[in-house]
Amino acid sequence: MDDRSDKLRAFYAQLICAAARTEDPRIEQAFRTVRREPFVGPGPWSISLGGHPYVVTPDDDPAFIYQNTLLALDTTRGINIGMPGAHAYWLSGCGVREGETVLQIGAGSGYYTAILAHLVGPRGRVYAYEIDPALAALARENLKEIAAVELRERSGIAPGLPAADVIYVCAGAVQPAGEWLDALRPGGRLAFPLAPEGVLGGMLMITRPEQGPIWPARFLGRAQFVGCAGLQDEEAGRRLMDAFAKGWERVQSFRREGTPDATCWFAGEGWWLSTAPAALPAGNIRPHADITQA
């Protein structure tokens, strides 16, 4: 590994952590360690700042891929390796620990799978789900040397998910999948983009308590992703757009029972988000509204 590549990644990791406003040295070390080259494919590359047109790099100088930008995997479908500063911030909010089991829904080419594997370490496990055959093939090849990772080419909302400490979703949904909620261990954290496809929503983190139907919840910030197959609904999407216009920062709990009351921020089918707190706090990471793109 040449000195220039090491230098680029060292600067990039510092840049990402500054964008994420995180001081967690494990996050910086993960971004410093995992090389991006295998996951982005040969250059030149199409990059974007999010919400802007792609710009094609003049050549395949790796300096272009060590930026806080989106990197296209498929420009026609808008599929990218997401904004690293956003992911660093969300991962910091999830508090991924060594030895934990993580489910990643939407592995893409595997870059953030490799970051997760670094965070859980050799005693941990990452189950990465990717439904797109072409992306799954890329991820399988890119991750084949990482023993902690198991790539599964199937939907991440099907029954039979392993029990997990963290579920990290990289596809937008208008509701949490029941399979995700059931797979969480007590104390487990689910982070998913509550966002209609192509619409700016928010990265919601839900923590499963030891017992009870009221779970701590909070938005880590705004987020926009490609849609998760099976978890989109046009009418719910319209209502979510209205809800985000009225104070998403106030959400404090996720409820699986009871009738939505005056504290209801948004109600789905069999669940709702409330501005009233749960018994346990949802964590003290501050919402970071200007990190949006994945």
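So the numbering used here is basically just the index in the sequence shown, starting at one, shifted up by 16. Even glycine gets a Cβ: it sits at the ideal position worked out from N, Cα and C. Model, not experiment: these values are computed from the prediction.
* Per DSSP, residue 208 is paired with what? -> Along the sequence shown, one-based indexing puts residue 208 at 192. DSSP lists 220 as partners of residue 208.
* **Span separating the alpha-carbon of residue 277 from that of residue 205** => As a working note, residue 277 is residue 261 in the sequence shown. As a working note, residue 205 is residue 189 in the sequence shown. Each residue's alpha carbon lies about 25 Å from the other.
* To do: Starting from residue 271, follow its DSSP beta bridges and name the residues at the other end.
  => For this step, residue 271 is matched to residue 255 along the sequence shown. Partner(s): 230 and 288.
* To do: Would you kindly check if the distance between the Cβ of residue 211 and the Cβ of residue 218 is under 8 Å?
  => Working through the sequence shown from its first residue, we reach residue 218 at position 202. Working through the sequence shown from its first residue, we reach residue 211 at position 195. Their beta carbons are under 8 Å apart, which means residue 218 touches residue 211 by this criterion.
* Output yes or no for whether 8 Å exceeds the beta carbon distance between residue 21 and residue 78. => Here residue 21 corresponds to residue number 5 of the sequence shown, with the count starting at 1. Here residue 78 corresponds to residue number 62 of the sequence shown, with the count starting at 1. A contact, by the Cβ cut-off of 8 Å.
* Taking DSSP as the reference, what is the three-state secondary structure of residue 145? -> Counted from its first residue, the sequence shown places residue 145 at position 129. Strand at residue 145.
* **Segment limits, alpha helix (DSSP H) that includes residue 251** => Indexing the sequence shown from 1 puts residue 251 at position 235. Start and end: 250-260.
* Hey, how far is the Cα of residue 34 from the Cα of residue 287? -> Sequence index remark: in the sequence shown, residue 34 carries index 18 (1-based). Sequence index remark: in the sequence shown, residue 287 carries index 271 (1-based). In a straight line, the C-alpha of residue 34 is about 36 Å away from that of residue 287.
* Residues bridged to residue 48 by DSSP? -> Numbered from its first residue, the sequence shown carries residue 48 at position 32. According to DSSP, which records beta bridges pairwise, residue 48 is partnered with nothing at all.
* Among 95, 94, 117 and 85, which has the Cα closest to the Cα of residue 103? -> Sequence index remark: in the sequence shown, residue 103 carries index 87 (1-based). When 95, 94, 117 and 85 are compared, the shortest CA-CA separation from residue 103 is found for 85.
* Boundaries of the alpha helix (DSSP H) in which residue 161 is found, first to last residue -> Residue numbering aside, residue 161 sits at position 145 when the sequence shown is read from its first letter. Segment: none, residue 161 is in no alpha helix (DSSP H) and carries neither H nor E.
* Return the CA-CA distance between residue 50 and residue 117, expressed in angstroms with no decimal places. => Working through the sequence shown from its first residue, we reach residue 50 at position 34. Working through the sequence shown from its first residue, we reach residue 117 at position 101. Cα to Cα, the separation comes out at about 19 Å.
* **Bounding residues of the alpha helix (DSSP H) (the contiguous stretch that carries residue 24)** => Taking the sequence shown and counting its residues from 1, one reaches residue 24 at position 8. Looking at the DSSP string, the run of the alpha helix (DSSP H) that includes residue 24 is 19-36.
* Given a threshold of 16 other Cβ atoms within 10 Å of its Cβ, counted over all protein chains shown, does residue 134 qualify as buried or as exposed? -> Here residue 134 is taken as the residue at index 118 of the sequence shown, counted from 1. By the 10 Å Cβ count, residue 134 comes out buried.
* Segment limits, beta strand (DSSP E) that includes residue 89 -> To locate residue 89, count along the sequence shown from 1; it is residue 73. From DSSP, the beta strand (DSSP E) with residue 89 extends over 86-90.
* Asked: Can you give the Cα-Cα distance for residue 167 and residue 222, rounded to whole angstroms?
  -> Along the sequence shown, read from residue 1 onward, the residue named residue 167 stands at position 151. Along the sequence shown, read from residue 1 onward, the residue named residue 222 stands at position 206. If I take the Cα positions, the gap works out to 24 Å.
* Taking 8 Å as the threshold, find out whether the stretch 161-181 comes into contact with the stretch 194-202 through three or more Cβ pairs. => Output reads yes: the stretch 194-202 touches the stretch 161-181.
* Status (buried if at least 16 other CB within 10 Å, exposed otherwise) for residue 188 -> Locating residue 188 in the sequence shown gives position 172, counting from the first residue. By the 10 Å Cβ count, residue 188 comes out buried.
* Going by beta carbon distance, what residues of the same chain come within less than 8 Å of residue 328, once the five residues before and after it are set aside? -> For the chain, the structure presents residues 17 to 310; residue 328 sits outside this window and is missing.
* Asked: Hey, out of 199, 158, 75 and 269, whose CA is closest to residue 313's CA?
  -> In this structure the chain extends from 17 to 310, so residue 313 is not present and cannot be described.
* Asked: Nearest to residue 229 by CA position, among 246, 273, 207 and 265, is which residue?
  -> As a position in the sequence shown, residue 229 is number 213, starting the count at 1. Comparing Cα-Cα distances from residue 229 to each of 246, 273, 207 and 265, the minimum goes to 273.
* Using DSSP with H/G/I as helix, E/B as strand and the rest coil, what is residue 280? -> Start at 1 with the first residue of the sequence shown, and residue 280 comes out as number 264. DSSP places residue 280 in strand when its eight states are reduced to three.
* Are the beta-carbon atoms of residue 269 and residue 245 separated by less than 8 Å? -> Here residue 269 refers to the residue found at position 253 when the sequence shown is read from its first residue. Here residue 245 refers to the residue found at position 229 when the sequence shown is read from its first residue. For residue 269 and residue 245, no; Cβs fall outside 8 Å.
* Check whether the Cβ atoms of residue 248 and residue 216 lie closer than 8 Å to each other. => In the sequence shown, residue 248 corresponds to position 232, counting from 1. In the sequence shown, residue 216 corresponds to position 200, counting from 1. Taking 8 Å as the Cβ cut-off, residue 248 and residue 216 do not qualify as a contacting pair.
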